[in-house]
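For reference, the structure is listed below as structure tokens.
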Ligand code: 5GP
Ligand code: ZN
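So this is what it looks like as structure tokens:
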């Protein structure tokens with residue numbers, strides 16, 4: 207855990223955040239500033255700064271995260287569809303430097319994003 211990382215602290219349970227899913231390797235929780243009726247963040251427990259810093263050892267973890275996204279989309283009743291976003295780096299608009307997958311749904315989403 208990186209002691210100065212917000213999402214490491216959330217993953218460790220430091221803020222008693224409600225988890226929609228928790229496994230040995232990941233947690234999912236609702237975004238504090240939702241951009242859609244369903245806005246969930248799925249993160250690895252291990253500190254990975256961004257998608258640009260993935261290594262070959264993360265292959266299984268990334269599959270686990272995608273399956274968790276699918277499971278949460280089902281739980282949330284997103285039968286009409288949803289979007290998964292991974293903002294990466296300054297140009298990608300990443301504001302928290304701990305890898306996270308946004309799951310957005312519950313309304314019709316526009317494309318392309320800004
Ligand atoms: P990014 O901009 O890095 O792709 O996404 C970071 C997300 O984390 C934003 O959507 C923001 O609302 C969310 N966020 C920031 N701080 C907190 C927090 O303390 N708790 C929760 N649940 N979400 C947060
Ligand atoms: Zn972290």
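Numbering (our numbering), first residue to last: 207 to 320. Here a beta-carbon is modelled for each residue, glycine too, at the ideal position from N, C-alpha and C. Since the structure is predicted, the reported quantities are computational estimates derived from the model, not experimental observations.
Verify the contact flag: residue i, CB atom, against every heavy atom of the ligand 5GP, threshold strictly below 7 Å.
| i | result |
| --- | --- |
| residue 233 | no |
| residue 271 | no |
Would residue i and residue j qualify as a contact pair, given that the criterion is a beta-carbon distance under 8 Å?
| i | j | result |
| --- | --- | --- |
| residue 214 | residue 253 | yes |
| residue 308 | residue 211 | no |
Could you tell me the boundaries of the alpha helix (DSSP H) in which residue i lies?
| i | result |
| --- | --- |
| residue 275 | 265–281 |
| residue 297 | 295–298 |
State yes or no: is the C-beta of residue i nearer than 7 Å to some heavy atom of the ligand ZN?
| i | result |
| --- | --- |
| residue 308 | no |
| residue 213 | yes |
| residue 245 | no |
Exposed or buried, residue i, counting other C-beta atoms within 10 Å across all chains shown (16 or more means buried)?
| i | result |
| --- | --- |
| residue 221 | exposed |
At what residues does the beta strand (DSSP E) containing residue i begin and finish?
| i | result |
| --- | --- |
| residue 311 | 307–311 |
Subject >> Runs of alpha helix (DSSP H) lying entirely within the segment 209–252, each at least 4 residues, in chain order >> reply: 212–217
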